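Peer 1: Residue numbers (the working numbering): 153 to 279.
Ideal placement from N, C-alpha and C gives every residue a C-beta, glycine not left out.
Please read all numbers here as calculations on a predicted model, not as lab measurements.
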Amino acid sequence: MTPQYLTSQTNEDFYKSHQKALINEIQHLLNPEEAALISFTDIKKLLKPKNEIYKGMQIVPIDLIVGSEGRYQDFDNKFFPKNSHLKTRWEKIDDAAIKMISLPPIKVYEIAGLYFVRDGNHRVSVA
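1) Hey, is the segment 235 to 255 in contact with the segment 162 to 177, meaning 3+ C-beta pairs nearer than 8 Å?
2) For the beta strand (DSSP E) holding LEU266, just list the boundary residues, first then last.
3) If you measure between the beta carbons of ALA187 and ASN176, is that distance less than 7 Å?
4) So ILE253 and VAL269 are in contact, right, with Cβ under 8 Å, and what is the actual spacing, rounded?
5) Per DSSP, what are the beta-bridge partners of ILE190 in this structure?
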């Protein structure tokens, strides 16, 4: 694959994902909170977990990732990018995925079987 193809492909991929976020937002116009990622900080305040336990590397089902520690306003509840300022970083991750380049694993918190991204929001979005 030529670099020009990848640039065009990643641009198209981002555009499609961003459009899906806009459609999702329109579909939830009456209840916008339904289309939002959950803030891990808000959940911590609500549930007040007592401690953290490192569980090592595990496979996490993507449909159980419901929120983010810090980037919950940048992505919708399906991890589609809501803002165009995410494009450059998102396209770099997409380019790596197209080229099948291994990326570091994401880091997540788990509470009650649901996962919140600590690091790797763009990687989840591209996936």
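Peer 2: Looking at the coordinates:
1) yes
2) Working through the sequence shown from its first residue, we reach residue 266 at position 114. Per DSSP, LEU266 belongs to the beta strand (DSSP E) from 266 to 271.
3) Reading the sequence shown from its first residue, position 35 is the one you call residue 187. Reading the sequence shown from its first residue, position 24 is the one you call residue 176. Going by C-beta atoms, ALA187 is nearer than 7 Å to ASN176.
4) Within the sequence shown, residue 253 is the residue found at index 101, counting from 1. Within the sequence shown, residue 269 is the residue found at index 117, counting from 1. No, ILE253 and VAL269 are not in contact; Cβ-Cβ is about 20 Å, not under 8 Å.
5) For the purposes of this step, residue 190 is identified with residue 38 of the sequence shown, where counting begins at 1. Paired residue(s): GLY219.
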